[in-house]
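Our numbering numbers the first residue of the sequence shown as 1335 and each following residue consecutively.
Only one structure is covered here, and it is reproduced in the block below.
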Amino acid sequence: MKRKVVLFYPPYDGPPLGAPVCLLSLAAPLLRSGFEVVIIDAAIEPDWLNVVLRELRDALCLGISVLTGPMIRGAVRMAKAVKKEAPGVPVIFGGWHPSLLPGQTLQESFVDAIVRGQGELTLLEAAENLAGGKGLHGIQGISSKQFGLPQHAPERRVALLDDLPMPAFEMANVDAYERVSGERKLAYATSVGCPYACNYCTDMVFYKRRFNALEAGRVVEEVTGLVAKYRIEEVAMLDSNLPVDWRRAREIAQGFLDSKTKFRWTFQASTDFLCRMSDDDVRLLGESGVSHMGFGTESTSSSVLKLMNKRHQRVDEMYETARKAAIGGIHVTYNLIFGYPGETGADRVETLRTMSDIARQFWNVSFSPNIFTPYPGIPIWGQLREMGVREPQSLDEWAELPLGRNTLPWLQGKELERLWRMLEFFLLNNQLRKATKDHPRLRAGLRRALGAPLRWRLRANKYSFPWELWVGRKLEKIVKRRSLVTGQPLGRQGAEAC
1335 MKRKVVLFYP
1345 PYDGPPLGAP
1355 VCLLSLAAPL
1365 LRSGFEVVII
1375 DAAIEPDWLN
1385 VVLRELRDAL
1395 CLGISVLTGP
1405 MIRGAVRMAK
1415 AVKKEAPGVP
1425 VIFGGWHPSL
1435 LPGQTLQESF
1445 VDAIVRGQGE
1455 LTLLEAAENL
1465 AGGKGLHGIQ
1475 GISSKQFGLP
1485 QHAPERRVAL
1495 LDDLPMPAFE
1505 MANVDAYERV
1515 SGERKLAYAT
1525 SVGCPYACNY
1535 CTDMVFYKRR
1545 FNALEAGRVV
1555 EEVTGLVAKY
1565 RIEEVAMLDS
1575 NLPVDWRRAR
1585 EIAQGFLDSK
1595 TKFRWTFQAS
1605 TDFLCRMSDD
1615 DVRLLGESGV
1625 SHMGFGTEST
1635 SSSVLKLMNK
1645 RHQRVDEMYE
1655 TARKAAIGGI
1665 HVTYNLIFGY
1675 PGETGADRVE
1685 TLRTMSDIAR
1695 QFWNVSFSPN
1705 IFTPYPGIPI
1715 WGQLREMGVR
1725 EPQSLDEWAE
1735 LPLGRNTLPW
1745 LQGKELERLW
1755 RMLEFFLLNN
1765 QLRKATKDHP
1775 RLRAGLRRAL
1785 GAPLRWRLRA
1795 NKYSFPWELW
1805 VGRKLEKIVK
1815 RRSLVTGQPL
1825 GRQGAEAC
């Protein structure tokens, strides 16, 4: 009787943070129940298509985890190959994109079923059914096909993370990931979900605003054990908003410090929760190894923040977050979104001026500006359609979603060109201010020569004849996108994908 499940993580842009935690989490209950699990991650397996096909010869099913964007291409290619070479093996999609658009995803002929939302227990039951000669129809949390028609079973009740086993980190080839990334890193999640309902964010759709967290003591025990066992240098926490319970965040940091286990760790947060922590709390974060925090600040315009349904976001807390992080010796990245429906040119100028002032005051702040990207399932799709945005109608179309670029009908031509020019001046000004490592004398001279005119342009909102950019680009590569998890430069698709 077959008891083998193959899990596949398609290729994506950017260096990996380590083995995909989503697949390790799926593997843990399967292994506990006696199934054999094989994980193939395209990040470390260049011949991933042939390796997967070979492993499927005696497998129950293939599970593919998918994020919106270019990552879909590899998933589609893999699924089509399976249907050609091993048509009897069920192909099960899971992860963010299929969960947000199960009906549309299930229309594809090469997709047999979808695991919606939290997948650990759902995939386990699916594997047990297949091993027993049963089908997938009727399993809670599964969308499947019956007689060629889509069938969506009821939602599965969300399990508390503390009731689930630790992800199967023993399946992660840390050495292979180090060869790709150059560092011994590990991805880990202490929680999922965020209590806020930002109109552009898929997290509130996927997790329904529920904050589901591991107990602090378990986090400390697991992470310090993994760091010691695998000689990990940095742990990237994949939480949507780690310090929602800021007392728990402080307890985790204290536990790491008390363990005397030396490693760096990074996470994402919102400024309001960070500001609920005292200066001593943030110093504790730094002492425990926190080297970077990412924040979805998005805009400093009150009208834009209202449109985004980010009433919890305040400009004074952006300053305060930078100050607190600086005293803890922690770098921060502020994410910025431009082109949001209803945003004006004046809103953009206001945001860039405020962020430039924050960067001037605090050494530890970097930025990751983005053009608004309409992700699947977000609450404002009705408004977007009325404004002329065409929603992709297939996996192939979603795969072409240009992350970090622009498809917005209201942001085109000279207005878009002007925005990119503004962002380049803004980023160059900030990066030159921080550049001290290589060629310090040359960079100091460059900062003196370019600093005043750059600041004048940002204050005056004047960007014609950009001689400063021409000079600056010769010596300074402008980083336009950064990971909010680690602060590192990104390609088109973020490496924080889990």
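Just so it is clear, CB atoms sit at the ideal spot from N, CA and C, and this is done for glycine as well.
Bear in mind the structure is a predicted one, so any value in this text is a computation, not a measurement.
Glu1677 classed as buried or exposed, judged by whether at least 16 other C-beta atoms fall within 10 angstroms = Per the 10 Å Cβ criterion, buried.
Bridge partner(s) assigned by DSSP for Gln1602 | Gly1628
For Val1340, which beta-bridge partners are listed by DSSP?
-> Under the DSSP definition of a beta bridge, Val1340 partners with Val1372 and Leu1396.
Taking the runs of the alpha helix (DSSP H) that are 4 residues or longer, which of them lie wholly in the region 1686-1748?
-> 1715-1720 and 1729-1733
Which residues mark the beginning and the end of the beta strand (DSSP E) in which His1486 is found?
-> Leu1483 to His1486
Tell me whether Ala1521 is buried or exposed, calling it buried when 16 or more other Cβ atoms sit within 10 Å of its Cβ.
-> buried
Is the region 1553-1570 in contact with the region 1588-1599, if contact means three or more CB pairs nearer than 8 Å?
-> The region 1553-1570 is in contact with the region 1588-1599.
Compute the Euclidean distance between the alpha carbons of Ser1477 and Gly1663, then round it to the nearest angstrom.
-> 47 Å
Minimum C-alpha distance to Ala1660 - residue among Ser1690, Gly1673, Phe1696 and Met1571 | Minimum Cα-Cα distance from Ala1660 among the listed residues Ser1690, Gly1673, Phe1696 and Met1571 corresponds to Phe1696.
When we look at the beta-carbon of Val1449 and count the other beta-carbons within 10 Å, is it buried (16 or more) or exposed?
-> In summary, Val1449 is buried, with 16 or more beta-carbon neighbours lying within 10 Å of its beta-carbon over all protein chains present.
The alpha helix (DSSP H) spanning Thr1558 covers which residue range?
-> Ala1550 to Tyr1564
With which residues is Gln1480 paired in a DSSP beta bridge?
-> Leu1483
CB of Ser1622 within 9 Å of CB of Ile1566, strictly = Remark: C-beta atoms of Ser1622 and Ile1566 do not approach each other more closely than 9 Å.
Just reading off the beta strand (DSSP E) that Gly1428 is part of, what are its end residues?
-> Here the beta strand (DSSP E) through Gly1428 covers Val1425 to Gly1428.
Taking the runs of the alpha helix (DSSP H) that are 4 residues or longer, which of them lie wholly in the region 1565-1597?
-> 1580-1593
Where the beta strand (DSSP E) containing Ile1671 begins and where it ends | In the DSSP assignment, Ile1671 falls within the unbroken beta strand (DSSP E) covering His1665 to Phe1672.
Return the residue from the list Thr1524, Met1538, Glu1751 and Asn1507 that minimises the CA-CA distance to Gly1679.
-> The candidate whose alpha carbon is nearest that of Gly1679 is Glu1751.
Which residue from Thr1402, Met1689, Gly1673 and Gln1647 puts its Cα closest to that of Asn1764?
-> Met1689
So which of Trp1744, Arg1407, Leu1619 and Ser1443 has the shortest CA-CA distance to Lys1418?
-> Ser1443
From Val1557 to Tyr1564, what does the alpha carbon distance come to, in whole angstroms?
-> Taking the CA atoms as reference points, Val1557 sits about 11 Å from Tyr1564.
Indicate the three-state DSSP secondary structure (helix, strand or coil) for Lys1771 in the structure shown.
-> Low confidence applies here, because Lys1771 scores a pLDDT of 43, under 50, leaving its location unreliable; read the following figure in that light. Residue state, collapsed to three classes: coil.
So, using beta-carbon positions, are Tyr1668 and Phe1701 closer together than 9 Å?
-> yes
Write down the C-beta distance between Leu1357 and Ser1399 rounded to the nearest angstrom, noting that I regard them as a contact closer than 8 Å.
-> 6 Å
Separation of Arg1391 from Ala1465, as counted between CA atoms | 15 Å
If we ignore side chains and look at the alpha-carbon of each, how far apart do Leu1435 and Arg1491 end up?
-> 19 Å
Nearest candidate by alpha-carbon position, reference Thr1402, set Ala1656, Gln1746, Pro1726 and Ser1817 | Looking at the Cα atoms, Pro1726 is the closest of the given residues.
Measure the Cβ-Cβ separation of Leu1351 and Val1372 and say whether it is below 9 Å.
-> Pairing Leu1351 with Val1372 gives a Cβ-Cβ distance that is not under 9 Å.
Return the bridge partner residues of Asn1546 from the DSSP annotation.
-> Val1526
Helix, strand or coil at Ile1473 [DSSP, three-state] | coil
From what residue to what residue does the beta strand (DSSP E) around Ala1502 run?
-> Judged by DSSP secondary structure, Ala1502 falls outside any beta strand (DSSP E); it is assigned neither H nor E.
Can you have a look at Glu1734 and say buried or exposed, based on whether 16 or more other CB atoms are within 10 angstroms of its CB?
-> exposed
What three-state label does DSSP hand Lys1640 in the structure shown?
-> helix
Under the DSSP definition of a beta bridge, which residues are partnered with Ile1448?
-> Phe1427 and Ser1477
Which value, in whole angstroms, describes the spacing of the CA atoms of Ala1461 and Cys1395?
-> 8 Å
Per DSSP, Leu1520 is paired with what?
-> Val1569
Thinking C-alpha only, which one of Arg1724, Pro1421, Leu1729 and Gln1717 is nearest Met1405?
-> Leu1729
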